[in-house]
Each structure stands twice: as structure tokens, then as C-alpha cells.
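Numbering-wise (the numbering used here), the sequence shown opens with residue -12 and increments by one.
Everything below concerns the one structure shown next.
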Amino acid sequence: MKRILLAGAVAAMAWPLIGVASAQDLPKTQFKAIGLNSPTVASTVDEVPFWTKTIPQASKGAITVDITPLDQMGIDDKTMLRLLKLGVMDFAGMDISKMAGDDPRFEGCDLAGLTLDPDKARAACKAWGPVIDRQMQKNWNAKLLAFGGNPPQVFWCRGVLAGLDDLKGKKVRVFNNTMRDFLGGIGATAVSMAFAEVVPALNNGVVDCAVTGSLSGNTAGWPEVTKSLYPMSLGWSVNALAVNLNTWNRLDPKVQAFLTEQVKGYEDKMWGTVKQAMSQADNCNTSKQPCTLGKPANITIVPVKPAEAETHKKLVEGAVLANWAKRCGAECVKEWNETVGKTLGLKAPVS
């Protein structure tokens, strides 16, 4: 925990305080938050500093937050939304695709391979945000506040991968249904597994490859148990910041306005960090500089060939969209086509 707070403190020094004038006369308020996996840059660079430094400083000490990453609490991240509904915490950071077992709509803007750059990923989630917020408020006693992301979710493998075809028959760790759809299309076997379990699973050969962010794997020690990285993107592990509705509704309107303003800056910073992490990932994974966000490692990066990129596109527009559409239903798909689909120039099939 000390390491995380130290990293957060350093990052926060460069974080401008937003709307300091609005901090006047805020009532003393304390919150509890449970956040994202601690080894990720989304946690260390953005989330922990936001709650422990930015909010207290911008509120002139009026608002304080006790934030603990979910892995340090021993929480299964698939249960985060349920815990938030119960009021176990006031605020929660969660991977939206991991909530899709409860409602397929949650993965609607981060389907495997749907977008290949962070600006499009953010635009897709902005278009889909009102739908997720509606479902949260309707069924989960929660309110959506912001979206963030992680570096592209790519393949880390125990051996040196020859390319996309080499994944056929291999056991690959994934963490959501839409990645499972993609792997089914290439003949690989998807294995669901929590982030904290991946290093021993790779080390012991339980899985041949595993999917996570191009820098997230680096900071979590995956180069110690892998030899290659295949940078075909399966999404952004988009995270959502949400608040328990009971907590939100009982807040002083001045506190609501203050937090709403601060969260806008937080969201901008998260997407900026994604871009910075993307620019450093290859350097960190091949022991080059600059590498300030990760650790020097010696990983073979296997380039994605043009023909493989075309296969990726066909899988996304075929198996991935079609299978998600079946899970979500006709009404959901119609709404998706009018929002995310229109934003990205895609159309999901209506059954």
C-alpha cells in the first residue's frame, strides 16, 4: 500500500487543482472508496492520487476519502457493482466488462477489438454512457460519474508466438465474455481468471497466454513469466467510476457540484494517462527509454501482420458483435446501433 500511495503522491504533484474557488464553505465530508487493481497505472497514476491528494487539496481539506484497491481487499472485481448497491462503499472504480454477467449492456462500448485508438474508445463510451447510467440507477442503486481506460488489452505468452494462427488450440486467460467470443473465432480456448491469479498460472503452464494491458502486464510482473507480447488489441479494459445513489442523494448540493467538477478533470487525466502508457509500453517491455511508468523488461514483441489485422476486423464485425447482440437482445441492439454504432460506423445484427 505504501508503494501505491507514494506513486500516487508523485503523480498528483503534476495534477492541477480544478475549481479551487468552489471549495469555499464545503461541509466536512468523508467517503470510502474501493478502487481498481493496484498494479495498474490507472490505479497508481490516476485513481489513488485523485482521492488521496486532488480531492482533499481542491476542497481545502473539507472532503477526505479512504481509498483501497480491490485486490488489497481480497474482492472479486465481478462483485463490485453488487457491493456498491449494498452501500459497502460510497464510490467504486470497476471494469465495465466484468459487470456484463449481470447486464450485457455494460460491455457495450468495450467489446473486444471494437476500437483501436483511445479517442474512439472514449467517444464510444460517451455515446453509450447514458445507457449505462440508466441501468445503474434503475437496477443497481448507483450513478455513473466517469469513464477511464487502460492501455490496449493484448496477448502475453509463455513462448514466442508466431502470429495469430499460433493461438489456435492454446489456452488463453481472458476476463470477459466478448474476449471469449473473439478467441472462439480463432480456435483458442478461453480461460476466465482474476488478474491476481495470472502470474502463477502462466508460470505453471495452466494457461499458454493471457490478455491484459500492454503496460499493465509489465507493472504486474508478467515479463517474469512470459517471453512474447502480441499487440493485437482486444479492448481497453474500460473502467467506470460510480457512486452509491443513497450516498449521492444525501450530499449537500455544494458537495455534489464540487465532485461533478472534479470528476471531469479526473476523466480527462485518465484518458491522457492511457495515451502516455501506450507511448511507453513498447519501450518498457524492450528495455528502452523513456520508461517512467513501467519497468525495463526483455519481451519479444511480435508484430501484427496486415492479413492478421484484416482477420481481426472480420472477427469484431462478425462473431464479436453477433454474439454480444444475442446476449443483449433486440431492444438493446437497436439502442446500440443508434449510439455507439452511429459513432463508429458499425451496425450490430438485430435478431
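C-beta atoms are modelled at their ideal positions from N, C-alpha and C, and glycine is treated no differently.
Being a predicted model, the structure only gives us computed values, none of them experimental.
Status (buried if at least 16 other CB within 10 Å, exposed otherwise) for residue 211: Only exposed fits residue 211, as fewer than 16 other CB atoms lie within 10 angstroms of its CB.
Backbone CA spacing between residue 33 and residue 115 [nearest angstrom]: The straight-line gap from Cα to Cα measures roughly 23 Å.
Bridge-paired residues (DSSP) for residue 198: Beta-bridge pairing links residue 198 to 142.
Integer Cβ distance of residue 219 from residue 141, believed to fall under 8 Å: Indeed they touch by this definition, with Cβ atoms about 6 Å apart.
Contact the stretch 244 to 252 vs the stretch 168 to 183: 3+ CB pairs below 8 Å: Touching, no, given that fewer than three Cβ pairs across the two stretches are closer than 8 Å.
Exposed unless 16 or more other CB atoms sit within 10 angstroms - verdict on residue 267: It is buried - the Cβ of residue 267 has at least 16 other Cβ atoms within 10 Å.
Local conformation of residue 276 per DSSP, three classes: For residue 276, the three-state secondary structure derived from DSSP is coil.
Spatial neighbours of residue 51 in its chain, beta-carbon cut-off 6 Å, leaving aside the 5 residues before and after: Here residue 51 has 17 and 43 as same chain residues with Cβ atoms under 6 Å from its own Cβ, once five neighbours each way along the sequence are excluded.
Sequence-distant residues of the same chain with beta carbon closer than 6 Å to residue 312, five excluded per side: Answer for residue 312: 320, 335 and 336, listed in chain order.
Assigned secondary structure, residue 287 (DSSP; H/G/I helix, E/B strand, else coil): Look at residue 287 here: in three-state DSSP terms it is strand.
Alpha-carbon spacing of residue 148 relative to residue 39, whole angstroms: When rounded, the distance between both Cα atoms is 41 Å.
Reduced DSSP secondary structure (H/G/I, E/B, other) of residue 9: Here the model assigns residue 9 a pLDDT of 49, short of 50, so the residue's position is not dependable and the matter cannot be decided.
For residue 292, the nearest candidate out of 47, 151 and 184 (CA to CA): Looking at the Cα atoms, 151 is the closest of the given residues.
Where residue 80 sits in the DSSP three-state scheme: In the structure shown, residue 80 sits in a strand (DSSP, three-state: E or B).
Opening and closing residue of the beta strand (DSSP E) in which residue 231 lies: Element bounds for residue 231: 226 to 231.
Helix, strand or coil at residue 50 [DSSP, three-state]: Residue 50: strand per DSSP, three-state reduction.
Where residue 85 falls: helix, strand or coil (DSSP): In the three-state reduction of the DSSP assignment, residue 85 falls in the helix class, which pools H, G and I.
Residues that residue 20 bridges to, as DSSP identifies them: Under DSSP, residue 20 takes part in a beta bridge, and its partners are 54 and 78.
Given residue 127 as reference, the closest of 93, 156 and 99 once Cα atoms are compared: That would be 93, whose Cα lies nearest to the Cα of residue 127.
From 139, 77, 48 and 161, residue whose alpha carbon lies closest to that of residue 55: The shortest Cα separation from residue 55 among 139, 77, 48 and 161 belongs to 77.
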